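Protein chains in written order, with the numbering used here: chain A, 1 to 112; chain B, 113 to 228.
#1: Taking the beta strand (DSSP E) that residue 23 of chain A belongs to, which residues open and close that run?
#2: So the beta strand (DSSP E) residue 204 of chain B belongs to, where does it begin and stop?
#3: By DSSP, does residue 86 of chain A sit in helix, in strand, or in coil?
#4: Please report the Cβ distance between residue 101 of chain A and residue 216 of chain B, rounded to the nearest whole angstrom; I am assuming they are in contact, meaning their Cβ atoms lie under 8 Å.
#5: Going along chain B in order, which residues have a C-beta closer than 7 Å to the C-beta of residue 103 of chain A?
#6: Does the Cβ of residue 176 of chain B lie closer than 7 Å to at least one heavy atom of the ligand SAM?
#7: Scan the stretch 156-177 of chain B for residues whose Cβ lies nearer than 8 Å to a Cβ of chain A and list them as they occur along the chain.
#8: Determine, using beta carbons only, whether residue 187 of chain B comes closer than 8 Å to chain A.
#9: Quick check on the DSSP output: the beta strand (DSSP E) that includes residue 127 of chain B runs from which residue to which?
#10: Beta carbons nearer than 9 Å to chain B: which residues of the stretch 27-46 of chain A have them?
#11: Output, in sequence order along the chain, the residues in the stretch 67-90 of chain A whose CB is closer than 7 Å to any CB in chain E.
#12: By a C-beta neighbour count over all protein chains shown, 10 Å radius and 16 as the cutoff for buried, is residue 227 of chain B buried or exposed?
#13: To which residues of the same chain is residue 164 of chain B closer than 7 Å at the C-beta, ignoring the five residues directly before and after it?
#14: Looking only at its own chain, which residues have a Cβ that is under 8 Å from the Cβ of residue 13 of chain A, when we skip the five neighbours before and after it?
#15: Using a Cβ-Cβ distance cut-off of 8 Å, determine whether residue 180 of chain B contacts chain A.
#16: For residue 56 of chain A, decide whether its Cβ has a neighbour in chain B, counting only Cβ atoms nearer than 8 Å.
#17: Give the secondary structure of residue 142 of chain B by DSSP, where H, G and I count as helix, E and B as strand, and everything else as coil.
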């Protein structure tokens, strides 16, 4: 597609439920990133995929968070047993080697 | 460790005024990339510029210009003749060298309001 696409755009879930957030990167971009934006913490790096290399998961805040990227394209961020502090906007970005990252519009997650 | 500081939390200007957004960074790397992103109310982060630490030339793109000074670790962004559509939150970011933009460290952002 023309840009990075994320779905859903908004998600309200009950505390304790699992959620899946989807990211469709720009076609041909080998790098894919997940960031989280919340009021108190600003923009935080979560995870990075580059081609077929092992992902950099150093930013994942707990083992309730996981992500995968299938076929080098679409990525899914999964949050298990959601907590209220997980409420944030989750942003996905993709880039070509050595270029600026292009971001999607994000998924606003609200845990009630 | 890397750090990006945007000391201006919020700025308001009247349309057609010039405005400069400050960005100061800290890094132990000798090479790095610097970025500016714009986040309008729609929420999407819009890429504006990437600058390699080797290149200290100022850059101008239309009404936008960037002043990179390695000696003061600053990468300031100026909007000339501001317009209402420039109203957004602007983020400065830093990334270490490597295979492309990776693990961006963002500043807290500066919210710019352009008043008609």
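Glycine is no exception: its CB is placed at the ideal position from the N, C-alpha and C atoms.
Please read these numbers as outputs of a predicted model, since none were measured by experiment.
If we stick to the structure as given:
#1: That run of the beta strand (DSSP E) goes 19-24.
#2: 200-207 is the extent of the beta strand (DSSP E) around residue 204 of chain B.
#3: Reduced to three states, the DSSP call for residue 86 of chain A is helix.
#4: Between residue 216 of chain B and residue 101 of chain A the Cβ distance is about 7 Å, and since that is below 8 Å, they are a contact.
#5: By Cβ distance, chain B contributes 156 and 157.
#6: Absence of the ligand SAM from the depicted structure is noted, as is the absence of any ligand whatsoever, leaving it without description.
#7: Across the stretch 156-177 of chain B, CB contacts with chain A closer than 8 Å involve 156, 157, 158, 159, 161 and 162, in sequence order along the chain.
#8: No - not a single Cβ of chain A is within 8 Å of the one on residue 187 of chain B.
#9: No beta strand (DSSP E) contains residue 127 of chain B, which DSSP labels as neither H nor E.
#10: Cβ proximity to chain B below 9 Å picks out 30, 31, 33, 35, 37, 42, 43, 44 and 45 from the stretch 27-46 of chain A.
#11: The chain labelled as chain E is not found among the protein chains of the depicted structure, namely A and B.
#12: It is exposed - the Cβ of residue 227 of chain B has fewer than 16 other Cβ atoms within 10 Å.
#13: Sequence-distant Cβ neighbours of residue 164 of chain B in its own chain, meaning closer than 7 Å and more than five residues away, are 145.
#14: Scanning its chain for C-beta atoms nearer than 8 Å, with the 5 sequence neighbours on each side dropped, one finds around residue 13 of chain A the residues 19, 82, 109, 110, 111 and 112, in chain order.
#15: Proximity of residue 180 of chain B to chain A, defined by a Cβ-Cβ separation below 8 Å, is not satisfied.
#16: Cβ-Cβ to chain B under 8 Å: yes for residue 56 of chain A.
#17: Here residue 142 of chain B sits in coil by DSSP.
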